[in-house]
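In what follows, a single structure is set out as structure tokens and then discussed.
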Amino acid sequence: QVQLQQSGPGLVKPSQTLSLTCAISGDSVSSNSAAWNWIRQSPSRGLEWLGRTYFRSKWYNHYAVSVKSRITIKPDTSRNQFSLQLDSMTPDDTAVYYCARDGGYLIDYWGQGTRVTVSS
Amino acid sequence: QSVLTQPPSASGTPGQRVTISCSGSSSNIGKNTVNWYQQLPGTAPKVLMYSNSQRPSGVPDRFSGSKSGTSASLAISGLQSEDEADYYCAAWDDSLNGFLVFGTGTKVTVL
Chain A
11 QVQLQQSGPG LVKPSQTLSL TCAISGDSVS SNSAAWNWIR QSPSRGLEWL
61 GRTYFRSKWY NHYAVSVKSR ITIKPDTSRN QFSLQLDSMT PDDTAVYYCA
111 RDGGYLIDYW GQGTRVTVSS
Chain B
37 QSVLTQPPSA SGTPGQRVTI SCSGSSSNIG KNTVNWYQQL PGTAPKVLMY
87 SNSQRPSGVP DRFSGSKSGT SASLAISGLQ SEDEADYYCA AWDDSLNGFL
137 VFGTGTKVTV L
């Protein structure tokens, strides 16, 4: 059974960087068949895919066009986790952020969600 | 990036049949399979249907899915009170480097 445990702050000031981590149990961040995603949800944007990282002989990252200039998703193989870094946060980035596994063209496991508010 | 279009709401009385549509394009639903998620308040979405019409174990058979061209649909037969939730479709889009696109969501109310 795959479990994803998120950690990180719930409050970020405007212009600062959001950093969230997702610890994986029951699978490996280096899996050759899974991809590791960040997704957010807000009333204004609905469910929005932000990006993913995955390993297929080498590491790949793909990001949504809407955040491509300010997002980084990194694997941490020593701790079997992956992280999200989103720079230059604005109130429009206020949302619930989820990490999630893609087990093969299907987001099948989700983290518990982190409610992030951007406010001074 | 595009989204998949769903009706904002659907409703029915217990025992009725409710259908939710999901409209996309040739680069997402037209090329890839559709997955459906059920979201209860305060929780993460849960897989309800995958590969257009496959139910994970534990999902009642009153839920069914289909796909045709660039559209998909989810049907709930024999609506029950516990089916009151938000429902989202999702599909991978092959444009650019590939990205996941979600539906706008449908709130199902059991009257």
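Protein sequences, first through last, are from chains A and B. Going by this note's numbering, the final residue of the first sequence carries number 130, and the count climbs one at a time with no gaps. Going by this note's numbering, the final residue of the second sequence carries number 147, and the count climbs one at a time with no gaps. Glycine included, each C-beta is placed from N, C-alpha and C at the ideal position.
Who are the Cβ neighbours of residue i in its own chain at under 8 Å, not counting the five residues just before and after it?
i: E120(B); result: V144, T145, V146
i: N88(B); result: T69, V70, G101, S102, K103, A108
i: P44(B); result: T140, G141, T142, K143
i: S47(B); result: V54, V144, T145, V146, L147
i: S62(B); result: T106
i: L40(B); result: C58, S59, G60, N64, I65, C125, A126, A127, V137, F138, G139, T140
By Cβ distance below 6 Å, which residues in the same chain neighbour residue i in space, the five residues on each side in sequence not counted?
i: R125(A); result: G20, V106
i: S57(B); result: S109
i: F65(A); result: S40
i: Y108(A); result: I49, W120, G121, G123
i: P148(B); result: Residue 148(B) lies beyond the stretch modelled for chain B, which goes from 37 to 147, so this question has no answer here.
i: S93(A); result: T31, K84
Going by DSSP, name the residue or residues bridged to residue i.
i: Y108(A); result: I49(A)
i: T82(A); result: Q95(A)
i: N71(A); result: T63(A)
i: Q172(A); result: Nothing about residue 172(A) can be read from this structure; chain A reaches only from 11 to 130.
i: P55(B); result: A small fix is needed here, since residue 55(B) is Thr in this sequence, not Pro. Paired residue(s): A111(B).
Please list, in chain order, the chain B residues whose beta carbon lies closer than 9 Å to that of residue i.
i: G56(A); result: V39, Y124, F138, G139, T140, G141
i: I117(A); result: N71, Y73, P81, V83, A126, L136
i: W59(A); result: Q37, A126, F135, L136, V137, F138
i: Y107(A); result: Simply none; closest approach about 11 Å.
Between residue i and the rest of its own chain, which residues show a CB-CB distance below 7 Å, the 5 nearest in sequence each way excluded?
i: K67(B); result: D130
i: D118(A); result: R111
i: T9(A); result: Any answer about residue 9(A) is impossible in this case: the structure gives chain A only from 11 up to 130.
i: Q52(B); result: L115
i: T82(A); result: Q95
Cα separation between residue i and residue j?
i: S113(B); j: G61(A); result: 35 Å
i: C125(B); j: T127(A); result: 26 Å
i: S38(A); j: P96(B); result: 31 Å
i: C13(A); j: P50(B); result: In the sequence on display, residue 13(A) carries Gln and not Cys. Cα-Cα distance, rounded: 34 Å.
i: F138(B); j: S130(A); result: 31 Å
i: G114(A); j: R98(B); result: 25 Å
i: T87(A); j: T106(B); result: 39 Å
i: Q32(B); j: L76(B); result: An answer regarding residue 32(B) cannot be provided, because it is not within the stretch 37 to 147 covered by chain B.
i: L30(A); j: N42(A); result: 23 Å
i: L116(A); j: M85(B); result: 10 Å
i: K84(A); j: G60(B); result: 31 Å
i: A33(A); j: R80(A); result: 22 Å
i: N133(B); j: R55(A); result: 21 Å
Taking residue i as the query, report the chain A residues whose CB atoms sit under 7 Å from its CB, ordered along the chain.
i: N64(B); result: Going along chain A, no residue has its Cβ under 7 Å from N64(B), so there is no contact; the nearest lies around 12 Å.
Report the neighbours of residue i on chain B: residues whose CB is nearer than 7 Å to its CB, in chain order.
i: Q15(A); result: Near Q15(A) there are no residues of chain B at all, since even the closest Cβ is about 12 Å away, more than 7 Å.
Could you tell me which chain B residues have their CB closer than 8 Å to the CB of residue i, listed as they occur along the chain?
i: Q122(A); result: A80
Which chain A residues sit within Cβ distance under 9 Å of residue i?
i: N88(B); result: Chain A residues near N88(B): none, gap ~11 Å exceeds 9 Å.
Using a cut-off of 8 Å between C-beta atoms, extract the partners of residue i located in chain A.
i: L76(B); result: None at all; the shortest Cβ gap to chain A is about 12 Å.
i: L132(B); result: V75
Worksheet item: Which residue spans inside the stretch 67 to 146 of chain B form an unbroken beta strand (DSSP E) run of at least 3?
Response: 71 to 75, 82 to 85, 99 to 104, 107 to 112, 121 to 129, 135 to 138, 142 to 146
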